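This note's numbering puts the first residue of the sequence shown at 12, with every later residue one more than the last. Ideal placement from N, C-alpha and C gives every residue a C-beta, glycine not left out. Remember, it's a predicted structure, so these values are computed and weren't measured experimentally. Here is the structure we will look at.
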Amino acid sequence: MEHILIIGSNGLLGQTLTNQLCHSNYKVFALSKGANRNVHNKNYTYLEVDITDETRLLQAINKAKPNYIINAAALTNVDYCETHQLECDAVNVKAVKTLIIGAQLSQAHLIHISTDFVFDGTKGNYNEEDATNPVNYYGLSKLKSENLFKEVDIPFTILRTILVFGYVPELKQQNILLWLLDKMKNKIALTMVNDQIRTPTYVDDLAKACLLSIKTKSYGLYHISGTDLMDMFELSNRVAKTFKFNQKLISAIPTSQLNQPATRPKVTGFDISKAEKYLNFKPLSFTDALLEIKAKLNSKNC
Numbered sequence: 012m013e014h015i016l017i018i019g020s021n022g023l024l025g026q027t028l029t030n031q032l033c034h035s036n037y038k039v040f041a042l043s044k045g046a047n048r049n050v051h052n053k054n055y056t057y058l059e060v061d062i063t064d065e066t067r068l069l070q071a072i073n074k075a076k077p078n079y080i081i082n083a084a085a086l087t088n089v090d091y092c093e094t095h096q097l098e099c100d101a102v103n104v105k106a107v108k109t110l111i112i113g114a115q116l117s118q119a120h121l122i123h124i125s126t127d128f129v130f131d132g133t134k135g136n137y138n139e140e141d142a143t144n145p146v147n148y149y150g151l152s153k154l155k156s157e158n159l160f161k162e163v164d165i166p167f168t169i170l171r172t173i174l175v176f177g178y179v180p181e182l183k184q185q186n187i188l189l190w191l192l193d194k195m196k197n198k199i200a201l202t203m204v205n206d207q208i209r210t211p212t213y214v215d216d217l218a219k220a221c222l223l224s225i226k227t228k229s230y231g232l233y234h235i236s237g238t239d240l241m242d243m244f245e246l247s248n249r250v251a252k253t254f255k256f257n258q259k260l261i262s263a264i265p266t267s268q269l270n271q272p273a274t275r276p277k278v279t280g281f282d283i284s285k286a287e288k289y290l291n292f293k294p295l296s297f298t299d300a301l302l303e304i305k306a307k308l309n310s311k312n313c
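In structure tokens, the structure reads:
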């Protein structure tokens, strides 16, 4: 039986991966900082490790003896990364160096998650060959992590993704969707930017892409996202409409009116044709993803 090690298993993607692998033919190890939050899933071995602790991380990799490592761990708060650059590098760069060492020792296929924020947002519809030019420190840290793979002698896959959203029951940090639903449920007025344009990614689709890269033995760089291009104001309205909340509480503003430490790329969005061709990646539409999440939330409340 082959072994899969999921790094960052307490997060949205990590929990989704462990759930999708629940009845698989793999022996699953899940590693994260702090206590295990995915307590309803018993079909894996949990390893409590801070990934910035190089010694303990390498010991955990040696214990798991993985054939595949999926790195779903990252410091993703863009403004926090801008003002805490050493901490950002420790998680997003230095820990990845350690994972590469561990993968080399195990001869494991390493799947690493990156971001659209490696781009400057002047072009949009980015493909894998487009030039990178991050405009904030988070994007720079993820580009640094990508560059670590340029001279490694292990099979690796880098999956860049965009604005990941979704739902799992035991989640500490909110994503854009859960944040919106919380505000809308409490009838709080929202001001959303109308000039930051993305193709949001359903976490279940991203998890499937990780597993497809293993199944198809697809190595190198792939862009993974949904196909619906929208700004944050439109995204919020589509969420409100699907979940039957008051759209009149949502107003639009330009990014220039926000006082944020980190610059955001204006227009990203991905050309995912390479992933469609080689991974057989087929993302749900944004509406279908919302409806699937709505069904999960309704089931939870029964």
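- LEU110: member of the alpha helix (DSSP H) spanning 106-117, first to last residue.
- When DSSP assignments are scanned along the region 53-99, the uninterrupted stretches of beta strand (DSSP E) that are 3 or more residues long and fall wholly within it turn out to be 56-59, 79-82.
- For ARG171, the enclosing beta strand (DSSP E) covers residues 167-172.
- With fewer than 16 neighbouring CB atoms inside 10 Å of its own CB, CYS33 falls in the exposed class.
- Comparing alpha-carbon positions, the option among LEU28, ALA85, LEU260 lying closest to LYS196 turns out to be LEU260.
- Using a Cβ-Cβ distance cut-off of 8 Å, the region 212-229 and the region 263-280 are not in contact, since fewer than three pairs of beta carbons, one from each stretch, lie closer than that value.
- At the C-beta level, GLY280 and LEU222 stay beyond 9 Å of one another.
- Collapsing the DSSP output to three states places GLY231 in a strand.
- Measuring C-alpha to C-alpha distances from THR202 to each of LYS155, ALA41, PRO265, GLU162 identifies PRO265 as the nearest.
- PRO77 and ASN30 have their C-alpha atoms some 18 Å from each other.
- Beta-bridge annotation (DSSP): HIS123 is paired with ASN82, ILE169.
- Put simply, the backbone Cα of GLY25 is about 14 Å away from that of GLY45.
- Within the region 215-298, the runs of beta strand (DSSP E) that reach at least 3 residues and sit entirely inside it are, in chain order, 231-234, 261-264.
- Judged by beta-carbon spacing, HIS14 lies beyond the 9 Å limit of GLU181, meaning their Cβ atoms are not closer than that value.
- Contact between MET12 and ASN47 fails: their C-beta atoms lie close to 22 Å from each other, not under 8 Å.
- Using a Cβ distance threshold of 9 Å, THR27 and LEU217 count as a contacting pair.
- Counting of Cβ neighbours within 10 angstroms places SER296 among the exposed residues, the total staying below 16.
- Cα atoms of GLN268 and GLN258: separation of roughly 21 Å, rounded to the nearest angstrom.
- Of the candidates GLY135, LYS198, ASP242, ASP127, ASP127 places its Cα closest to the Cα of ILE169.
- Here SER43 is actually not in contact with VAL104; their C-beta atoms are around 19 Å apart, not less than 8 Å.
- Taking C-beta separations shorter than 6 Å and ignoring five residues to either side along the sequence, the partners of TYR57 in its chain run ALA41, ASN47, following chain order.
- Less than 9 Å divides the Cβ of VAL146 from the Cβ of PRO276.
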